[in-house]
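*Asks:* There's a structure below that I have some questions on.
Number of protein chains: 2
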Amino acid sequence: MKRDKVTFNEIAHYTGFSKTTISRYFNDPDSVSEKTREQLSAALKKLNYRENKLARVLAKGKTEFIGVIIPDLQMHYYARLLTEILAMSDLYGYKFLVFQGRGNLEAEERYIRELLSYSVEGLLMVSHTIPSASLASLDIPVITIEREDRHVSSVNADNYCGGRLAAKALADCGCEIMIHINADLKPVSPAYGRIIGFRNLCAELKLPEEEFLHSFGNKYEEIYPVMKTVFDTIRKKYKDRKKGIFVSNDTAANVLLNIILQTYRTLPDDWKIVGFDDSPISQEAVIPISSIRQDIPRIATEAVKMLADQIEEKKKGKHDTSLYHNIIPVEYIGRRTTQ
Amino acid sequence: MKRDKVTFNEIAHYTGFSKTTISRYFNDPDSVSEKTREQLSAALKKLNYRENKLARVLAKGKTEFIGVIIPDLQMHYYARLLTEILAMSDLYGYKFLVFQGRGNLEAEERYIRELLSYSVEGLLMVSHTIPSASLASLDIPVITIEREDRHVSSVNADNYCGGRLAAKALADCGCEIMIHINADLKPVSPAYGRIIGFRNLCAELKLPEEEFLHSFGNKYEEIYPVMKTVFDTIRKKYKDRKKGIFVSNDTAANVLLNIILQTYRTLPDDWKIVGFDDSPISQEAVIPISSIRQDIPRIATEAVKMLADQIEEKKKGKHDTSLYHNIIPVEYIGRRTTQ
DNA sequence: TTGTACGCGTTATCAA
DNA sequence: TTGATAACGCGTACAA
Numbered sequence: 012m013k014r015d016k017v018t019f020n021e022i023a024h025y026t027g028f029s030k031t032t033i034s035r036y037f038n039d040p041d042s043v044s045e046k047t048r049e050q051l052s053a054a055l056k057k058l059n060y061r062e063n064k065l066a067r068v069l070a071k072g073k074t075e076f077i078g079v080i081i082p083d084l085q086m087h088y089y090a091r092l093l094t095e096i097l098a099m100s101d102l103y104g105y106k107f108l109v110f111q112g113r114g115n116l117e118a119e120e121r122y123i124r125e126l127l128s129y130s131v132e133g134l135l136m137v138s139h140t141i142p143s144a145s146l147a148s149l150d151i152p153v154i155t156i157e158r159e160d161r162h163v164s165s166v167n168a169d170n171y172c173g174g175r176l177a178a179k180a181l182a183d184c185g186c187e188i189m190i191h192i193n194a195d196l197k198p199v200s201p202a203y204g205r206i207i208g209f210r211n212l213c214a215e216l217k218l219p220e221e222e223f224l225h226s227f228g229n230k231y232e233e234i235y236p237v238m239k240t241v242f243d244t245i246r247k248k249y250k251d252r253k254k255g256i257f258v259s260n261d262t263a264a265n266v267l268l269n270i271i272l273q274t275y276r277t278l279p280d281d282w283k284i285v286g287f288d289d290s291p292i293s294q295e296a297v298i299p300i301s302s303i304r305q306d307i308p309r310i311a312t313e314a315v316k317m318l319a320d321q322i323e324e325k326k327k328g329k330h331d332t333s334l335y336h337n338i339i340p341v342e343y344i345g346r347r348t349t350q
Numbered sequence: 012m013k014r015d016k017v018t019f020n021e022i023a024h025y026t027g028f029s030k031t032t033i034s035r036y037f038n039d040p041d042s043v044s045e046k047t048r049e050q051l052s053a054a055l056k057k058l059n060y061r062e063n064k065l066a067r068v069l070a071k072g073k074t075e076f077i078g079v080i081i082p083d084l085q086m087h088y089y090a091r092l093l094t095e096i097l098a099m100s101d102l103y104g105y106k107f108l109v110f111q112g113r114g115n116l117e118a119e120e121r122y123i124r125e126l127l128s129y130s131v132e133g134l135l136m137v138s139h140t141i142p143s144a145s146l147a148s149l150d151i152p153v154i155t156i157e158r159e160d161r162h163v164s165s166v167n168a169d170n171y172c173g174g175r176l177a178a179k180a181l182a183d184c185g186c187e188i189m190i191h192i193n194a195d196l197k198p199v200s201p202a203y204g205r206i207i208g209f210r211n212l213c214a215e216l217k218l219p220e221e222e223f224l225h226s227f228g229n230k231y232e233e234i235y236p237v238m239k240t241v242f243d244t245i246r247k248k249y250k251d252r253k254k255g256i257f258v259s260n261d262t263a264a265n266v267l268l269n270i271i272l273q274t275y276r277t278l279p280d281d282w283k284i285v286g287f288d289d290s291p292i293s294q295e296a297v298i299p300i301s302s303i304r305q306d307i308p309r310i311a312t313e314a315v316k317m318l319a320d321q322i323e324e325k326k327k328g329k330h331d332t333s334l335y336h337n338i339i340p341v342e343y344i345g346r347r348t349t350q
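Quick look at the structure:
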């Protein structure tokens, strides 16, 4: 087992200093004399030294690893989220070990074991497969994003407010019947707030509301048949009334819009639509779709920040068991489907 | 510096066996007696032992880390690619350390140093900022994907063939004037092949061809003005001729389609469009867009496989300097814009 | 300011 | 089949 790498030992031999001095050169340069520093600096270049952070980790006990388990990068929301999370590496110096959950419980549990065996300092859990009770027992800091979070700290969008904003926008258009299309969410899911928010504002405004809650997938082919059925139902049932439709995500909203356009060749004035997420498709659609924007950069920032704080506290030995659920404001983006 | 973790030492004390035996229990169970195995197995559970792979790495010299530097996850192609790359972790046991390049040379060089200091065994380079000559001098295996690759092994889509397929599809529609809209690519970029392929088939078919090559960004707002100008030019210049337009990616193709639809309220028969990538938008558009599909799962699979092979060879001490450029076939997906 | 000696948790070598 | 001991590369009391 020949190891080609240059180590402190070689540098020590080469320069005549001890390993300790070299270590100090890296970790506390001021404790080393100017002269020594110059000599070492030169030697490092000459020998082409590369630091070995893994050895450092073993000695110090702290990696700068953060584990990330994310459901599916093909969904724009998660890709965007990971983008922003990874961008935080420059600020905190964290290295992100990323796994994709894909809803596979066994795999995700394996990933977590893997991550623990690499001494990740914290876990950013975006996947929703593993219950938060299990996550809470991991003995490393965990922050969840937009998922069930009863037993861990979390960051979520203000879904409730999002639901209200959507209802308000549709009501402002003069819609007479309010419709919400969403998956059959469980109340523990943060996104459930969208349903409640929408429902509540409709009630307050005394507007009739109907909810279509059954899960449609993420892909166009899966969504289409479901939306087609819903469309046919709505069309027949609310023939002469102004319909305000709040769809739980922009991809599905776009499918609905397409069905409407294919049917009428235009967007009739009695169909109003609001999507959710403000993903690119809402802008890229022939008729740009109004949507509720989540502040993904801020969600990511807050999540990493909270994780960093928890990691810091854990280092200090504090056993802070209080949970904090961070709610990030959302914003209504008005486009042509609510004009 | 209290370390709470259970180590081989504790297990040794607890069971009366030596650290060596315990190590063997993990790495070569057959070399340990049945009885011992059972005792250890029980002890491990009782003490709730978690393996420390970092220590293992230090002793064995091999991490299972692969570094990934990817340009921008917000572009669907890269998100999809990373999806498939991460999926390979189950097969190879690799852990992926992911950084986002964002075209920042200095940052990317820092990421590479970071990765090297964590002893990644290989690098998957998708970002195109750092020239392949620099990558070749890294002394770890490197595979690039869809970028300049003169000095390293790589995996690319068959861009040339893609260009030809697009031209053929448009010619088959009876187009009289062939138009290609693309960024102002450099010949070293694999995507340059699209231009050549398209140009060549047009020449072979003796069809007049015009190329609009100036970079338009990735975002809708950036693309729109550029496409609008191009549209106006084409419309005026080729008024009564059947136009076949090959756009370098689906996002831009969709923008063009939207402009056409906004102008004519329908897709006139003398406008035919083919995009590239077969990204979701090509399917999600009101009028589904024909496109050239890249086999992203295969690209990722081959890339990781090639990297694994190179890593294996390096372990055996082979200094294989031969370069291999793996070209993955593409496929024409006919949709409504070429009917 | 610099060096000695030991520890971090695992694997490898050699011996029993 | 098992164990003692020395690595792996670096950090850190403690001493000089």
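Chains as they are written, first to last, in the working numbering: chain A, 12 to 350; chain B, 12 to 350.
Don't be surprised by glycine CBs; every beta carbon is placed ideally from N, CA and C.
From a predicted model like this one, the values you see are computed outputs, not experimental measurements.
Can you tell me which of A:L127, A:R67 and A:A168 puts its alpha carbon nearest to the alpha carbon of A:I307?
*Replies:* Taking only the C-alpha atoms, the option nearest A:I307 is A:A168.
*Asks:* Taking CB distances under 9 Å as the criterion, tell me whether B:Y275 reaches chain A.
*Replies:* No, no contact with chain A.
*Asks:* Smallest Cα separation from A:Y88: which of A:S138, A:I271 and A:E45?
*Replies:* Among A:S138, A:I271 and A:E45, the Cα nearest to that of A:Y88 belongs to A:S138.
*Asks:* Can you name the start and end residues of the alpha helix (DSSP H) that A:F242 belongs to?
*Replies:* Residues Y231 to K248.
*Asks:* Note down the Cα distance separating B:E95 from A:A53, rounded to an integer number of angstroms.
*Replies:* C-alpha separation (whole angstroms): 43 Å.
*Asks:* Between A:S100 and chain B, is there a C-beta pair that is closer than 9 Å?
*Replies:* Chain B, which has a Cβ nearer than 9 Å to the Cβ of A:S100, makes this yes.
*Asks:* Name the DSSP bridge partner or partners of B:D320?
*Replies:* Answer is none; B:D320 lacks a bridge partner.
*Asks:* In three-state terms, what does DSSP make of B:V297?
*Replies:* Of the three classes helix, strand and coil, the one that applies to B:V297 here is coil, per DSSP.
*Asks:* Is it buried or exposed, B:K247, if we count other Cβ atoms within 10 angstroms and call 16 or more buried?
*Replies:* It is exposed - the Cβ of B:K247 has fewer than 16 other Cβ atoms within 10 Å.
*Asks:* Going straight from the alpha carbon of B:I190 to that of B:V166, what length do you get?
*Replies:* Their Cα atoms are separated by approximately 28 Å.
*Asks:* By how many angstroms is the C-alpha of A:I339 removed from the C-alpha of B:K239?
*Replies:* Between B:K239 and A:I339, the C-alpha separation is close to 37 Å.
*Asks:* Can you grab the Cα-Cα spacing for the pair B:V43 / B:I22, in whole Å?
*Replies:* If you take the alpha carbons of B:V43 and B:I22, they lie about 15 Å apart.
*Asks:* What are the residues of the region 178–207 of chain B that lie near chain A, defined by any Cβ-Cβ distance shorter than 8 Å?
*Replies:* Result list empty, no residue passes.
*Asks:* Are the C-beta of B:I256 and some C-beta of chain A separated by less than 9 Å?
*Replies:* No - not a single Cβ of chain A is within 9 Å of the one on B:I256.
*Asks:* By the criterion of Cβ-Cβ separation under 8 Å, what are the contact partners of B:A66 in chain A?
*Replies:* Simply L69.
*Asks:* In the DSSP assignment, what residue or residues form a beta bridge with B:E342?
*Replies:* Per DSSP, B:R304.
*Asks:* By Cβ distance below 8 Å, which residues in the same chain neighbour A:V341 in space, the five residues on each side in sequence not counted?
*Replies:* The answer, listed in chain order, is A168, D169, N170, C172, G173, L176, I303, R304, Q305 and D306.
*Asks:* Which residue or residues does DSSP assign as beta-bridge partners of B:G286?
*Replies:* Bridge partners of B:G286: B:S302.
*Asks:* Check whether the region 269–289 of chain B and the region 249–259 of chain B touch, using three or more Cβ-Cβ pairs below 8 Å as the test.
*Replies:* Result yes; three or more Cβ-Cβ pairs closer than 8 Å.
*Asks:* Indicate whether at least one CB of chain B lies closer than 9 Å to the CB of A:A214.
*Replies:* Cβ-Cβ to chain B under 9 Å: no for A:A214.
*Asks:* Quick check: the region 62–77 of chain A against the region 118–136 of chain B, are there 3 or more CB pairs under 8 Å?
*Replies:* Short answer: they touch.
*Asks:* Quick one: residues in its chain with C-beta nearer than 7 Å to the C-beta of A:I300, no 5 flanking neighbours on either side, listed in chain order?
*Replies:* Correct list, in chain order: D261, A264, N265, L268, I284, G286, S293, R346 and T348.
*Asks:* Can you tell me where the alpha helix (DSSP H) with B:I98 in it begins and where it stops?
*Replies:* Going by the sequence as given, residue 98 of chain B is Ala instead of Ile. Per DSSP, B:A98 belongs to the alpha helix (DSSP H) from H87 to A98.
*Asks:* Which chain A residues sit within Cβ distance under 8 Å of B:R91?
*Replies:* The answer, in chain order, is L84 and Q85.
*Asks:* Going along chain B in order, which residues have a C-beta closer than 9 Å to the C-beta of A:A118?
*Replies:* Neighbours of A:A118 on chain B, chain order: D101.
*Asks:* State the DSSP-derived secondary structure class of A:E62, mapped to helix, strand or coil.
*Replies:* Of the three classes helix, strand and coil, the one that applies to A:E62 here is coil, per DSSP.
*Asks:* Would you say A:Y231 lies against chain B (beta-carbon separation less than 9 Å)?
*Replies:* Chain B contact via Cβ: present.
*Asks:* Locate the alpha helix (DSSP H) running through B:N20, then write down its first and last residues.
*Replies:* Where B:N20 is concerned, the enclosing alpha helix (DSSP H) stretches over F19 to T26.
*Asks:* Since A:Q85 and B:R91 are thought to touch, with beta carbons under 8 Å apart, how far apart are those beta carbons, to the nearest angstrom?
*Replies:* About 6 Å; that satisfies the 8 Å criterion.
*Asks:* Residues of chain A with a CB under 9 Å from the CB of B:Q5: which are they?
*Replies:* This structure gives no information on residue 5 of chain B, because the portion of chain B shown stretches from 12 to 350.
*Asks:* Can you tell me whether DSSP reads A:F227 as helix, strand or coil?
*Replies:* In this structure, A:F227 counts as coil in the three-state DSSP scheme.
*Asks:* What does the alpha-carbon distance come out to for the pair B:A144 and B:L196?
*Replies:* Roughly 19 Å separates the two Cα atoms.
*Asks:* Roughly how many whole angstroms lie between the Cα atoms of A:E2 and A:I141?
*Replies:* Here chain A has residues from 12 to 350 only, and residue 2 of chain A is not among them.
*Asks:* Using the C-alpha atoms, what's the distance from A:V241 back to A:I206?
*Replies:* Cα to Cα, the separation comes out at about 17 Å.
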